[in-house]
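Here's the structure, in structure tokens; my notes come after.
Residue numbers (our numbering), protein chains in the order written: chain C, 192 to 1090; chain P, 831 to 940.
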């Protein structure tokens, strides 16, 4: 207890130096005053008494120093000296220091940037209450083998009512809408999500302004109600809380803004839509407007399956238990309703759906960047080793003067801590920049990547990594100095380099081998991803995207109603589309134009169908991709007509229903017969096949070709249409103003949206693999550069160190070539060993990439051979300069130095 | 260097300070005066050693310090013996007694 008090006094004096000093001054002043008083009592004059007192007291400064020594612990004083010494060393060798700090900064910076992405995407707490209890409830279809189908409304209601394992159930569907803000006349297309009010409570998210949807909201003809997404609210309404309670126009109807949901509330919405076997499209990163959805069995009968269903497990219930219970309920529904034939359920953890696709890629990047960090550490270790060797003299002198091993060790520790500190600062600065680039490059479907930032956790990660490295680096020179030969070192000439010990040299060689091995692993990974990226980019999407512009518009139901009794004879819609197409075709610079139901590369939707005359057999066929097109589609997109004829202007609402199928459908369903003239029945009517066209990719270029049918848009009218325009020359985006004007001239209330060159759409479809491959390639390139520097550094050092020996060799008759071979052989030998180890590790580890490659195996011999060649040639190149330098060893000088 | 091996002079000063403080808390000036008075001016305490010694003892936790008012109402730093200090005093007194009686013995016989 008293010891602790003593320690506290000491700490306080450290903390508050000036206060301690003041205390001491006060105390001494008191002493002098008392001595003066005592003198006066003995009859001295006040001046004389004070003078005597001061004289007796002696030098105040020396005295202070002694008392101060009692205050300040010795180790601290020494640490301060070590730090000052370390700073002086740092500044005295700016080139070396910069190399160490920048190398460390590079490794730590890349690592920190990737970790902050991992932190934001995977580690940050979920915005939902008890996220582990959230599940997706998919329907399955044993007929088609699909396991991630959206559910029908009556099924959701039945499951919700009967289930004991699910505590709450909510449903959502993506539904983009056109809104008009108050005070602005311009309609704009925004990303909407229609949800049941129960979804918010199932997820456990709360509004940040206003109120959530009431349980019965959206039912029976009341005023439509919406919630705004936080980002949209901030961007479009300047975060004005006054918008709550006002109305905005949604799809030409006034809707009440009830509240605002936080930006994080839509976590996973995009991934859920992508996971679904088919769904309304949801392309944006965030929900702009949340719409209250009040389905009924009338509006959404049991045979339609549009709802993405989220459930909350009751406390203590596992996903498996819920799956068992829900499968039982689904079996009862299957017996009760013929339309539920072959249907089951698939309960899947919400987290797996949202993060399942992105987790392996992120962890792979983190692994890669850790390899890179190890490579940078190896380089810095080698730099420090060489540096320590050069400082052997300094250490020897200090040991000779009585410095203990611990004291020397502490000196090195403080030096490496200083390096680590500066390296971390450089790394965090680099990470700050790199993170912005990373976010900009990242595919938009990585959940919450846009929230990545350098927060406390990231800083703690960077600091602890740096500390670990610093400790590692402090141990190295101490080990190295253990066998320091004092006599020899002190006797050797001042200017001469002191050679490393045998063990240190072996260690240095080991570091190079490890560095090359790690580099090989990284470059193999990068090579595999780059090769599969190249394969992906070579895949023919089935159409020619060059010079094609795509854009969409949506006709509002208010003025362009869909009356299913008269379907497909909907004159307002059909006439609008026809006039739009005609108007676009008259724009100068347009080579060809067409309308489609959904954009190329958009999965669109699927339908069940039967082949006329083969009903029994085809009843259990999987649903078929169903697409709509106008005449001109094939020539606009360059899709080949393989047999029969294309859709023509005559195929309208009044003529017999016709259809075109793709090659995959012809091969699968008509392997032996000519499909032309056969009929397919869906949507209640038989449609005669008139042509076969080439396969287009619908679900990404890496997906297999799927069977599809193409119906004339005029015989299956849609309110939403995709405009496809091929320019005669140049940038198709130049046509945008004219297309916009054409649309506005037909209906000024209909906005054009999702406008982009089709080539961009195709490129974006491989954004994720490109992101992974580019990042890994960058890491690989940096590792390679570092390995080159490492090999070069070690050889260069060895040559300098062995200059005398080499000179003697040459004096004894060795020719230049054999000296070159000696030095280069050393570099190549180390690299070869590293390559062998790296290839082995990469061969074993590349299996982790299996889910990320396309068109190559993870043990692709060409990639491995290429990497081996590149690394070996690079190592050879790094050895050339030191080897040539070695041949310049002067035999005479060497002999003189040795004498 | 552990306290037990401290050189004799310094060790003696520590002992005298601890002994002086065992009676009552006092300031540095008081300690010096007390030692001087009781030893009938034989032992003169050098201020240059006194204050470092006081601070050293404080850091070892044998004495504790606090600011208070002196008899003539000046602000002064008062030192008092802690429990550890009291034990230390006992053991130092015992050591000193052994030491001085040993010297006495040597002197008497020599």
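Using N, Cα and C, we set each Cβ at its ideal position, and we do this for glycine too.
If you measure beta-carbon to beta-carbon, which residues of the segment 620 to 652 of chain C are closer than 7 Å to chain P? For the segment 620 to 652 of chain C, no residue has a beta-carbon sitting nearer than 7 Å to a beta-carbon of chain P.
Start-to-end residues for the beta strand (DSSP E) that takes in residue 882 (chain C): Taken as a continuous stretch (DSSP letters only), the beta strand (DSSP E) holding residue 882 (chain C) covers 876 to 884.
So is residue 755 (chain C) buried or exposed if we call it buried at 16+ other beta carbons inside 10 Å? When all chains shown are included, residue 755 (chain C) counts as exposed.
Quick one: residues in its chain with C-beta nearer than 6 Å to the C-beta of residue 714 (chain C), no 5 flanking neighbours on either side, listed in chain order? If we look at residue 714 (chain C) and ignore the five residues flanking it on each side, its Cβ neighbours are 971 and 1058.
Could you give the distance in angstroms between the alpha-carbon of residue 938 (chain P) and the alpha-carbon of residue 886 (chain P)? Note on geometry: alpha-carbon atoms of residue 938 (chain P) and residue 886 (chain P) lie some 36 Å from one another.
Compare the C-beta of residue 1017 (chain C) against all C-beta atoms of chain P and say whether one is closer than 9 Å. Closer than 9 Å: no.
Within 9 Å, strictly: CB atoms of residue 605 (chain C) and residue 1080 (chain C): Going by C-beta atoms, residue 605 (chain C) is not nearer than 9 Å to residue 1080 (chain C).
Compare the C-beta of residue 835 (chain P) against all C-beta atoms of chain C and say whether one is closer than 9 Å. Here residue 835 (chain P) scores only 34 on pLDDT, less than 50, and its place in the model should not be relied on; the value that follows carries that caveat. Not closer than 9 Å to any Cβ of chain C, the Cβ of residue 835 (chain P) fails to qualify, so no.
Kindly give me the distance between the Cβ atoms of residue 774 (chain C) and residue 918 (chain C), rounded to whole angstroms, as I take these residues to be in contact under 8 Å. Not confirmed; about 16 Å, so no contact.
Could you tell me the boundaries of the alpha helix (DSSP H) in which residue 751 (chain C) lies? Boundaries for residue 751 (chain C): no alpha helix (DSSP H) harbours it, and the DSSP string shows neither H nor E there.
Residues bridged to residue 860 (chain C) by DSSP? Residue 860 (chain C) pairs with nothing; no bridge assigned.
Residue environment, residue 624 (chain C), which counts as buried when at least 16 other CB atoms sit within 10 Å: Exposed, because fewer than 16 other Cβ atoms sit within 10 Å of the Cβ of residue 624 (chain C).
Do residue 306 (chain C) and residue 649 (chain C) come within 9 Å of each other at the CB atom, strictly closer than that value? Yes.
Quick one: what's got a C-beta closer than 7 Å to residue 924 (chain P)'s C-beta in the same chain, skipping five residues either side? Around residue 924 (chain P), the same chain offers no residue with a beta carbon nearer than 7 Å, after the five sequence neighbours per side are excluded.
Measuring only between beta-carbons, confirm whether residue 992 (chain C) sits less than 9 Å from chain P. Chain P, which has no Cβ nearer than 9 Å to the Cβ of residue 992 (chain C), makes this no.
Neighbourhood of residue 726 (chain C) by C-beta distance below 8 Å, restricted to the same chain and skipping five residues each side: By the criterion of a C-beta distance shorter than 8 Å, residue 726 (chain C) is surrounded in its chain by 1045, 1046 and 1047, once the five residues flanking it on both sides are discounted.
Tell me the DSSP secondary structure of residue 570 (chain C) in three-state form. The answer is helix: DSSP assigns residue 570 (chain C) an H, G or I state.
Considering only C-alpha positions, which residue in the set C:815, C:898, C:907 and C:640 is nearest to residue 170 (chain C)? Look at the range of chain C in this structure, 192 to 1090, and you will see that residue 170 (chain C) is not part of it.
Own chain, CB closer than 7 Å to residue 1034 (chain C), minus 5 neighbours either side, in chain order: 1050, listed in sequence order.
Within the same chain, show all residues whose beta-carbon is closer than 7 Å to that of residue 687 (chain C), passing over the 5 residues directly before and after it, in chain order. Residue placement at residue 687 (chain C) cannot be trusted, given a pLDDT of 47 that sits under 50; what the coordinates show is reported in the next sentence. Closer than 7 Å at Cβ, skipping near neighbours: no residue.
Skipping 5 residues on each side, what residues in its chain have a beta carbon closer than 8 Å to that of residue 830 (chain P)? What the structure shows of chain P is the stretch from 831 to 940, and residue 830 (chain P) is not part of that stretch, so it cannot be assessed.
Residue 344 (chain C) - partner residues in DSSP beta bridges: Residue 344 (chain C) pairs with nothing; no bridge assigned.
For residue 1017 (chain C), the first and last residue of its enclosing alpha helix (DSSP H): Unbroken alpha helix (DSSP H) run through residue 1017 (chain C): 1007 to 1036.
Is residue 440 (chain C) closer than 9 Å to residue 419 (chain C) when the C-beta atoms are compared? The answer is no: Cβ separation not under 9 Å.
By how many angstroms is the C-alpha of residue 932 (chain P) removed from the C-alpha of residue 227 (chain C)? Approximately 41 Å between the Cα atoms of the pair.
So, is the C-beta of residue 1083 (chain C) closer than 9 Å to a C-beta in chain P? So, not an interface residue.
Taking C-beta to C-beta, are residue 975 (chain C) and residue 867 (chain C) nearer than 9 Å? Residue 975 (chain C) is not a Cβ neighbour of residue 867 (chain C), given a cutoff of 9 Å.
Could you spell out the range, first to last residue, of the beta strand (DSSP E) harbouring residue 962 (chain C)? No beta strand (DSSP E) holds residue 962 (chain C); the alpha helix (DSSP H) holding it covers 958 to 992.
Starting from the Cα of residue 657 (chain C), find the closest Cα among C:1018, C:324, C:803 and C:291 and give me that residue. Ranking C:1018, C:324, C:803 and C:291 by Cα distance to residue 657 (chain C) puts C:291 first.
Does DSSP classify residue 1083 (chain C) as helix, strand or coil? Residue 1083 (chain C) falls in the helix class under three-state DSSP.
Taking 9 Å as the CB-CB limit, is residue 218 (chain C) close to chain P? Nearest CB-CB separation between residue 218 (chain C) and chain P: below the 9 Å threshold.
Closer than 9 Å, Cβ to Cβ, to anything on chain C: give me those residues from the segment 904 to 919 of chain P, in chain order. Answer in chain order: 904, 905, 906, 907, 912, 913, 914 and 915.
Taking the alpha-carbon positions, what's the residue 720 (chain C) to residue 962 (chain C) distance? Spanning the two alpha carbons is a distance of roughly 10 Å.
Segment contact, 8 Å Cβ cut-off, at least three pairs: the segment 944 to 957 of chain C with the segment 607 to 618 of chain C: Not touching, per the Cβ criterion.
For chain C, check one thing: does any of its Cβ atoms lie closer than 9 Å to the Cβ of residue 896 (chain P)? No, residue 896 (chain P) does not count as interfacial toward chain C.
Does the segment 554 to 574 of chain C come into contact with the segment 366 to 379 of chain C, if we say contact requires no fewer than three beta-carbon pairs (one atom in each stretch) closer than 8 Å? Fewer than three beta-carbon pairs drawn from the segment 554 to 574 of chain C and the segment 366 to 379 of chain C are found closer than 8 Å, and the two stretches are therefore not classed as touching.
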